[in-house]
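All remarks here apply to the structure that follows.
2 protein chains.
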Amino acid sequence: MPTLYGHPMSGNSYKVKLMLSLLGIDYEWVTVDLLKGEHRQPDFLALNPFGQVPVLTDGDVVLADAQGALVYLARQYDGSWLPTESVALADVVRWLSITTGEIRQGPESARLYHLFGLKTLNIDRATERATFILNQLEQHLSSHPWLIGDAPTVADIAAFPYIALAPDGQIDLSPYPHVLSWIERVKQLPGFVGMRGIV
Amino acid sequence: MPTLYGHPMSGNSYKVKLMLSLLGIDYEWVTVDLLKGEHRQPDFLALNPFGQVPVLTDGDVVLADAQGALVYLARQYDGSWLPTESVALADVVRWLSITTGEIRQGPESARLYHLFGLKTLNIDRATERATFILNQLEQHLSSHPWLIGDAPTVADIAAFPYIALAPDGQIDLSPYPHVLSWIERVKQLPGFVGMRGIV
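So the protein lines, in turn, are chains A and B.
Everything in the first sequence is counted per this note's numbering, starting at -5 for the first residue and increasing by one.
Everything in the second sequence is counted per this note's numbering, starting at -5 for the first residue and increasing by one.
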């Protein structure tokens, strides 16, 4: 049975939990207490030298990255979530890059600043980045139901948490009706689970 | 014939150029003059609404992300650069996430600050991130010749430019001998081409 090491407030942990739930896979959840510094203890660093949650293990397999874990789960358990054709696969990778680039530097960073008090972040820059990526997403989703093609992929699951959690970073989603509709479509997927801030 | 729209000082443009060269693919290069704002003109925004280089086109295919372009080229022209097995593919995606996350926020941002004068960046944070990822890379490469497995993959090509260009961000690579050896291994690949700062 897979084991997911994560934190209940981490959107990156949540996206792997969501994927496991959408795929109907039983798994064990282990909370890594970040406030107590458990992510910097030798046991955890042996799983992920970066000292970051989440980590997904499955038998001997150890995956120390949320996006990597989503791709693994799709390829291993239900390929319909990850296209193999070259252009569609490249589009998935593009949206994973946007997730770890623009979304991380935008709404994810704004949430770290406002909700967790990481005041060394440049909040003006994070808010500007968040506005940029939300405008891009709004434009894209105005003519596409999902990020790629006619069905959800791992790209939607990767991008979803920190977009849906944008209000935690004091970013109002009401100017983005197509983004809000996409959030609702994700929530309607069979097996959907939420987290604090996404219900 | 593929067309690569890029800028000669852009490491993200360079990585796609490098991949095309390693694969022995003829292509057309189009310089997008960022100083003149050509990336914000309607013609270019029609290719990439994000207004970023590079963009790779191949027939009707348009790929507006360096990592996506690498994955497309590998899948389309030489699959040996992109594993299909679930764990190896997830590991590739992990290193692509690190490239667009830690490497972008670390050495790539330090280069933007020092070489291009983007002084709104928090240079202390960028330098700290650069040190973190270089230490992680050094540790990993001390027991692995390439980022994944025994042969180079798109992950190496994605990570390579902004690591090799770290000195542009006033980051000294001499404390990282295994990283320097890996840079040399990339440079020895048949078909290798350099750019300013990587020769």
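Built from N, CA and C at the ideal position, the CB exists for glycine as well.
Simplified DSSP assignment, three categories, for residue i
{"i": "I97/B", "result": "helix"}
{"i": "M13/A", "result": "helix"}
{"i": "L141/B", "result": "coil"}
{"i": "Y71/A", "result": "helix"}
{"i": "L6/A", "result": "The sequence shown places Asn at residue 6/A, not Leu. If DSSP states are grouped into helix, strand and coil, N6/A belongs with the helices."}
{"i": "Q130/B", "result": "helix"}
{"i": "K181/B", "result": "helix"}
{"i": "G111/B", "result": "coil"}
{"i": "A170/A", "result": "At residue 170/A the sequence reads Tyr, which differs from the Ala that was named. Y170/A falls in the coil class under three-state DSSP."}
{"i": "S195/A", "result": "As shown, chain A starts at -5 and ends at 193. That puts residue 195/A outside it, with no answer to give."}
{"i": "L159/B", "result": "coil"}
{"i": "V91/A", "result": "Strictly speaking, residue 91/A in this sequence is Ser, with Val absent from that position. If DSSP states are grouped into helix, strand and coil, S91/A belongs with the helices."}
{"i": "I165/B", "result": "coil"}
{"i": "S103/A", "result": "helix"}
{"i": "S175/B", "result": "helix"}
{"i": "T125/B", "result": "helix"}
Status (buried if at least 16 other CB within 10 Å, exposed otherwise) for residue i
{"i": "Q133/A", "result": "exposed"}
{"i": "Q182/B", "result": "exposed"}
{"i": "A160/A", "result": "buried"}
{"i": "D162/B", "result": "buried"}
{"i": "F110/B", "result": "exposed"}
{"i": "T78/B", "result": "exposed"}
{"i": "L39/B", "result": "exposed"}
{"i": "R190/B", "result": "exposed"}
{"i": "S74/A", "result": "exposed"}
{"i": "S7/A", "result": "buried"}
{"i": "V187/B", "result": "exposed"}
{"i": "L16/A", "result": "buried"}
{"i": "P43/B", "result": "exposed"}
{"i": "V81/A", "result": "buried"}
{"i": "L14/B", "result": "buried"}
{"i": "G5/A", "result": "buried"}
{"i": "T25/A", "result": "exposed"}
{"i": "G195/A", "result": "Any property of residue 195/A remains undetermined from this structure, which presents chain A solely from -5 to 193."}
{"i": "G0/A", "result": "buried"}
{"i": "V193/B", "result": "exposed"}
{"i": "L83/A", "result": "buried"}
{"i": "L41/A", "result": "buried"}
{"i": "K9/B", "result": "buried"}
{"i": "D144/B", "result": "exposed"}
Sequence-distant residues of its chain with Cβ nearer than 6 Å to residue i (five each side left out)
{"i": "L128/A", "result": "Y170"}
{"i": "R34/A", "result": "G45"}
{"i": "M3/B", "result": "none"}
{"i": "L141/B", "result": "W89, A149 and D150"}
{"i": "W176/A", "result": "L135"}
{"i": "L57/B", "result": "L50, A63 and Y66"}
{"i": "Q61/B", "result": "L90 and A152"}
{"i": "A124/A", "result": "G100, P101, A104 and I165"}
{"i": "L131/A", "result": "V173"}
{"i": "R179/A", "result": "none"}
Cut-off 8 Å between Cβ atoms - residues of its own chain near residue i, not counting five sequence neighbours on either side
{"i": "F126/A", "result": "E96 and G100"}
{"i": "G18/A", "result": "G185"}
{"i": "E22/A", "result": "M(-5), P(-4), T(-3) and L(-2)"}
{"i": "R69/A", "result": "L76"}
{"i": "T93/B", "result": "Q61, A149, A152, A153 and Y156"}
Residues bridged to residue i [DSSP beta-bridge criterion]
{"i": "L(-2)/A", "result": "W23/A and L50/A"}
{"i": "I192/A", "result": "M189/A"}
Contacts around residue i, its chain only, beta-carbon distance under 7 Å, and the 5 residues preceding and following it disregarded
{"i": "L115/B", "result": "S103, L106 and Y107"}
{"i": "V86/A", "result": "L76, P77, I142, T147, V148 and A149"}
{"i": "D20/A", "result": "M(-5)"}
{"i": "K113/B", "result": "Y107"}
{"i": "L174/B", "result": "L167"}
{"i": "E32/B", "result": "V26 and F38"}
Mind listing, in chain order, the continuous beta strand (DSSP E) runs of no fewer than 3 residues lying wholly within the region 16 to 68 of chain B? 22 to 25, 49 to 52 and 55 to 57
What are the residues of the region 32 to 44 of chain B that lie near chain C, defined by any Cβ-Cβ distance shorter than 7 Å? Judged by its chain identifiers, the structure shown contains no chain C, and its protein chains are A and B.
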